[in-house]
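Chains A and B, in that order, are what the protein sequence lines are.
If you count the first sequence from 1, position 49 lands on 48 in numbering that gives the first Met the number 0, and the numbers rise without skipping.
If you count the second sequence from 1, position 59 lands on 58 in numbering that gives the first Met the number 0, and the numbers rise without skipping.
The beta-carbon is built from N, C-alpha and C at its ideal position, and this holds for glycine as well.
I have placed the structure first, in the form of structure tokens, so that the comments after it can refer back to it.
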Amino acid sequence: MISLNKETIKISSEKDVVLFRQRLREYATKIGMSVLNQTKLITAASELVRNILVYAGSGETTIEVVSERLQTGIKVIFKDNGPGIADVNKAMQDGYSSGRSLGLGLPGAKRLVNFFEIKSTVGHGTTVTIIRWKK
Amino acid sequence: MDRIPILKMGPFLLVTIQVDMYDRLALNLENDLIIMVQKNGSKGVLIDISAVSIVDSFMGRIIGNIATMSRIMDAETIVVGMQPAVAITLVELGLPLSGVHTALNVEKGMALLQKKLADDLTEDSESEAEMDDNDQSE
Ligand SMILES: Nc1ncnc2c1ncn2[C@@H]1O[C@H](COP(=O)(O)OP(=O)(O)OP(=O)(O)O)[C@@H](O)[C@H]1O
Ligand SMILES: [Mg+2]
């Protein structure tokens, strides 16, 4: 996979979230991603960035334009040094929430993108990587 | 503070969301709307989201809460102008906003609310008629 362009945005407040979503839309528009795929990408990203704020307090996102074979797309990495997730499989289930929420964020985000990977270590933090191809 | 204006139009309230939503703004809107419905005894709430390009689970939940709370206070909520990409994405996300009425635009939404209000009035005068829930989603 070739990386064409890359930017890191720190996330510690809702103001950062608004900026992050704007930047993500700019990148997606620039590569000519369809409106539907943009909407799916940004909605998934919105869920993951909220998880950073809610569970880790702060973290950072990296937006990257990537290319592989004949495809171009956007890769986003969400990284925090928060508490981590003890049981990732459980956290990925629809309806599982450690709080009193709907437990939609992780499984829903996964459904909205082409690639989804989550790595988490208790006490060290969580990193989620997603890719949405322009198609 | 961050607030979205709420317009009072006779027995109804109209909210037009023109900005990128974030959680604080959505929460304030929920609070403000519920207070306004109660204060004015409003019969309907129209939420125009035609300019909104992202509705994630938080915003979706807020819309659901507004509808539920309003119903408890005897007001109908209609979400107007949802972009097709937003509707598709919400379903895939797993939050299809099932309990919420929708309409294509503000005019149609307003007409739907007026019809509901008229139906309610005739029903009230027809001594104890059953509440019929004529769902007109889409
Ligand atoms: N970045 C993170 N750091 C630590 N724990 C996390 C993180 N992201 C998710 N989790 C854990 O995984 C669970 C599931 O996350 P998910 O986003 O699916 O649901 P939720 O946040 O509980 O609810 P919703 O997103 O529907 O509001 C969370 O309840 C939380 O315990
Ligand atoms: Mg979440």
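Residues are counted here when their Cβ sits less than 7 Å from a Cβ of chain B; for the segment 29–48 of chain A these are Val34, Leu35, Thr38, Lys39, Ile41, Thr42, Ser45 and Glu46, given in chain order.
Around Ala84/B, the beta-carbon contacts reaching into chain A at under 9 Å are Ser33, Val34, Leu35, Asn36, Gln37, Thr38 and Lys39.
Annotated three-state conformation of Val79/B is strand, per DSSP. By a beta-carbon distance limit of 8 Å, Val85/B does not contact Asp47/B. Their separation comes to about 13 Å. Taking a cut-off of 8 Å on C-beta distances, the segment 9–20 of chain B does not touch the segment 113–127 of chain A, as fewer than three cross pairs fall below it.
Proximity of the beta carbon of Glu46/A to ligand 2 is indicated: a heavy atom of the ligand is located closer than 8 Å.
Listed in chain order, the non-local C-beta contacts of Ala74/B below 7 Å within the same chain comprise Val36, Ser41, Lys42, Gly43 and Val44, local neighbours out to five positions each way being set aside. Between Val79/B and Ile62/B, the gap from beta carbon to beta carbon reaches 9 Å or more. Nearest to Leu111/B by alpha-carbon distance, out of Leu28/B, His100/B and Ile33/B, is His100/B. Residues of chain B whose Cβ lies closer than 8 Å to the Cβ of Val17/A are, in chain order, Asp19 and Tyr21. For Val65/A, the uninterrupted beta strand (DSSP E) segment begins and ends at Gly58 to Glu67. For Met35/B, the secondary structure class from DSSP, reduced to helix, strand or coil, is helix. Using a Cβ-Cβ cut-off of 9 Å, Gly122/A does not count as an interface residue toward chain B, since no Cβ of chain B sits closer than that to its own.
Taking C-alpha positions only, Arg68/A is separated from Val34/A by approximately 23 Å.
In the DSSP secondary-structure assignment, Gly124/A is bridged to Thr120/A.
Within chain A, Lys39, Gly107, Arg110 and Leu111 have C-beta atoms less than 8 Å from the C-beta of Glu91/B, given in sequence order. Between Leu3/A and Ser66/A, the C-beta gap is smaller than 9 Å, which places the two residues in contact. Put simply, the backbone Cα of Ser57/A is about 41 Å away from that of Gly108/B. For Leu94/B and Gly107/A, the gap between their C-alpha atoms comes out near 9 Å.
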